[in-house]
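Notes follow the structure.
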Amino acid sequence: MNRAWLLALGVFATIVASVTGLVLLPDRQLRGTQPVQDEERGIAVPAGYFGDAEEGRKVYMDLGCIYCHTQQVRPEGFGADIERGWGMRRSVARDYIHDEPPLMGTMRTGPDLMNIGARQPSEQWHYLHLYDPRITSPGSIMPPHRFLFEVRHSADGLPEDAVRLPDEFAEKKPAWIVPNDRARRLVAYLKSLDHNYEVPEAR
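Residue numbers (this note's numbering): 3 to 205.
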C-alpha cells in the first residue's frame, strides 16, 4: 500500500513538474512578447499577415508544404542555415507571435522558407516554381502543382500575372500559365515571409 502511494505521488509530481516546466513557465515568459520597431523599414515587426497573404497561409497548410519545408533558421553552430543565405540571423520566439499555429516544420526535404520572400521576391519565379520546380531549380524533387494554373496558348486577353513558359517545358508552343486564386494567395504568403530584421534577443 505504501509503495502504491509513493508511486502515485511520484507520477503526480512528474506531471506537475512537466506541466510547469514545459507549459506554464514558457507561457508566462513569452505571453507579453510584442513586435519591435524596425527603424530601417519604419514599421513594427513582425507585421503579421493580411489579405491574400493571410489566405495563402491556409493554402500552404492545405497543400502540406509543412511536411517538406521548415520555417526556422538554425543558429550558427547548429547547421549552415545562415551560411546558405536562408536568413541573416537565427529564428526566435518573437518571429512567430502572429502564427497560429506556428508552421516551423520538422523535415527539410526542401529548403527552409522562413525568409523565402527576401530570397525570391519575384512573383514570376514563384509561379514557375510551383508549376514545375525543375524550371527554376534543376534536379528538384518537389512535385509540380500544375493544378494551380490554367495553360493558355494565345497572348490575347492574358491577365497581368500570366507567365510565359520556357519552350522546353511547354507541350504546345507558345504557352502561358495563368495562376488561379489559390496560387495567387499562396505566392502572396510566400513573398510575405521575410524575417531579415534585427530583434534584441538574437544579437
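Heads up, the beta-carbon is just placed ideally off N, CA and C, and yes, glycines get one too.
Name the residue from the options whose alpha carbon lies nearest to the alpha carbon of residue i.
i, options, result
"K193", "V13, F52, A10", "F52"
"F171", "R205, D134, D183", "D134"
"H155", "R166, R148, P146, E162", "R166"
"R187", "Y129, V153, P140", "Y129"
"P77", "R59, V94, D101, M144", "V94"
"A55", "L65, I68, R184, I17", "R184"
At which residues does the alpha helix (DSSP H) containing residue i begin and terminate?
i, result
"A10", "4 to 21"
"V61", "53 to 64"
"R92", "Here R92 belongs to no alpha helix (DSSP H), and DSSP marks it neither H nor E."
"I137", "135 to 138"
"R121", "118 to 121"
If you run the structure through DSSP and keep just helix, strand and coil, what is residue i?
i, result
"P181", "strand"
"I45", "strand"
"V189", "helix"
"R148", "helix"
"V75", "coil"
"V201", "coil"
Could you please give the first and the last residue of the uninterrupted beta strand (DSSP E) stretch that includes residue i?
i, result
"V38", "38 to 40"
"E152", "151 to 154"
Buried or exposed: where does residue i fall if 16 or more other Cβ atoms within 10 Å of its Cβ makes it buried?
i, result
"D169", "exposed"
"A190", "buried"
"I17", "exposed"
(message) When you compare the segment 102 to 119 with the segment 65 to 77, are there three or more beta-carbon pairs, one atom per stretch, that lie closer than 8 Å?
(response) Yes, they touch.
(message) Does the structure place the segment 176 to 183 close enough to the segment 142 to 155 that three or more beta carbon pairs sit under 8 Å?
(response) Contact holds: three or more Cβ-Cβ distances are below 8 Å.
(request) Inspect the CB distances between the segment 131 to 147 and the segment 80 to 90 and report whether three or more fall short of 8 Å. (result) Using a Cβ-Cβ distance cut-off of 8 Å, the segment 131 to 147 and the segment 80 to 90 are not in contact, since fewer than three pairs of beta carbons, one from each stretch, lie closer than that value.
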